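Data first, discussion second: the structure below is written as structure tokens.
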Amino acid sequence: MDFKHAIVTGASSQIGRFLLPHIQAAGFEITAISRQEPINKAWLQIDITKNILPVKSKILFHIAPLPLLPQLLANSNIKRVITFSSTSRFSKTSSSDVKEQQIAAQLTEAETQVIELCEQQQIAWTIFRPTLIYGCGIDKNVSFIAEFIRRFGFFPVIGKGIGLRQPVHADDLAIACLQAYNSSITINKTYNLSGGQTLTYRDMVEEIFYSLGKKPRIISIPLFVFKILIHSITWLPKFSHLSTAMVTRINQNLCFDHTAAYNDFGYQPRTFNP
Ligand SMILES: NC(=O)c1ccc[n+]([C@@H]2O[C@H](COP(=O)([O-])OP(=O)(O)OC[C@H]3O[C@@H](n4cnc5c(N)ncnc54)[C@H](OP(=O)(O)O)[C@@H]3O)[C@@H](O)[C@H]2O)c1
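Here's what the structure looks like:
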């Protein structure tokens, strides 16, 4: 394989769907990997927890879960990896939900392992930490809110919903992958990648109402009512990821600065456009 061949693990993710056409347009041959049915010959159906990488490429865009990366790198010829952690590694550390604390701890540990392994194997690495991702209707944040509004005609928040958010479009993250690949200054660095607009949770929900052609109907409800509501809808698969910790964060600011990414590789994410 020449140096213009790249492997994309997590090809069916939100970012992967935008990344594949971008890197193809940039002249890469691609081997795309996920566990879903392949959609073309360049797409392999592989569970990466059970396999080593199927081709000897030197470039890896790893968009599958970060904890799966160290094992893949350990048995590979990769020389350049661009991958994703999350700003949750900071924001969920003090969550009231033990599962969320564990996610933050796993991400922190995975970042450390990836960096150590890359240094041992002389692999150039870049780790991105996005804020909440949206963009192709399969996320559990913006699309979830839209689905709730479509189904119930209103959206509930605890208190005023004043916590600040910076939703980031998956396409801006896909573009960032190529920008980072093309900028050697990004080698062996981590970047927080937030969206191009900071807005309150409530404003974000209002924008989603407008995008559906609906007048916002946001109802403030007390926490105990919320808990009952969550209990009564989490049996539906679409809402099974909801937790009380998630909704109590509605009034907390989750903001991260992306100036370093702008300075190093010209990262310029779009404003929120659900
Ligand atoms: N969603 C967010 O708001 C958010 C925020 C910050 C950071 N992140 C991080 O950004 C990255 C992408 O997030 P996302 O939400 O777009 O991803 P996602 O929808 O969770 O997709 C993960 C991808 O990894 C693949 N995958 C998972 N396990 C696999 C396995 N064992 N073998 C092969 N493929 C596997 C999945 O495909 P199959 O299921 O088809 O295998 C899918 O393509 C992740 O690292 C995530 O932690 C996400």
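No gaps in the numbering here: position 75 of the sequence shown is 290 in our numbering, and each next residue is one more. Ideal Cβ positions, reconstructed from N, Cα and C, are used throughout, including at glycine. Quick caveat, the model's predicted, so the values are computed rather than measured.
Proximity winner among the options, relative to residue i (alpha-carbon distances)
i, options, result
"ALA325", "LEU287, VAL420, GLN337, SER399", "LEU287"
"ILE248", "PRO382, LYS256, GLN260, THR449", "GLN260"
"PHE305", "GLN316, ASP312, PHE441, PHE299", "GLN316"
"MET419", "ILE436, VAL372, ALA391", "VAL372"
"GLY352", "ALA395, LEU469, ARG232, SER310", "ARG232"
"TYR416", "PRO437, LEU347, THR474", "LEU347"
"SER183", "THR341, GLU334, LYS294", "In the structure displayed, the chain extends from 216 to 489; residue 183 sits before or after that span and is not available."
"ASN292", "THR264, CYS333, GLU244, ILE402", "CYS333"
"ALA476", "LEU451, ILE400, THR463, VAL462", "ILE400"
Ligand 1 heavy atom lying under 8 Å from the CB of residue i
i, result
"ASP472", "no"
"ALA226", "yes"
"GLY378", "no"
"GLY231", "yes"
"PRO280", "yes"
"GLN251", "yes"
"ILE465", "no"
"THR405", "no"
"ASN397", "no"
"ASN468", "no"
"PHE299", "yes"
"LEU283", "yes"
"ASN356", "yes"
"ARG344", "yes"
"ALA320", "no"
"ILE373", "no"
"LEU288", "no"
"SER455", "no"
"ALA385", "yes"
"ASP418", "no"
"SER303", "yes"
"SER261", "The question names Ser, yet the displayed sequence has Ile at residue 261. Checking every heavy atom of ligand 1 against the Cβ of ILE261, one is found closer than 8 Å."
"THR327", "no"
Beta-carbon proximity of residue i to residue j, cut-off 9 Å
i, j, result
"LEU284", "ILE222", "no"
"PRO382", "ASN356", "yes"
"PHE370", "PHE424", "yes"
"PHE359", "LYS453", "yes"
"ALA460", "ASP312", "yes"
"PRO489", "GLY410", "no"
"ALA361", "LEU427", "yes"
"TYR396", "ARG295", "yes"
"LYS219", "GLU244", "yes"
Neighbour flag for residue i against chain C, beta carbons, 9 Å
i, result
"ALA361", "Absence of chain C from the displayed structure is noted, only one protein chain being present."
Range covered by the beta strand (DSSP E) that runs through residue i
i, result
"ILE248", "244 to 249"
"TYR406", "404 to 408"
"TYR221", "Note that residue 221 is Ala in the sequence shown, not Tyr. Start and end: 220 to 224."
"THR298", "295 to 299"
"GLN321", "Note, GLN321: premise wrong, no beta strand (DSSP E); alpha helix (DSSP H) at 313 to 336."
"LEU268", "Taken as a continuous stretch (DSSP letters only), LEU268 belongs to no beta strand (DSSP E), as it is neither H nor E."
"PRO236", "Per DSSP, PRO236 belongs to no beta strand (DSSP E); it is in the alpha helix (DSSP H), 229 to 240."
"GLN394", "Careful: GLN394 lies outside any beta strand (DSSP E), inside the alpha helix (DSSP H) at 385 to 396."
Unbroken alpha helix (DSSP H) run spanning residue i, endpoints
i, result
"PRO285", "284 to 289"
"ALA475", "474 to 480"
"ARG304", "303 to 306"
"PHE439", "438 to 448"
"ILE342", "First-last for ILE342: 339 to 345, but that is the beta strand (DSSP E), not the alpha helix (DSSP H)."
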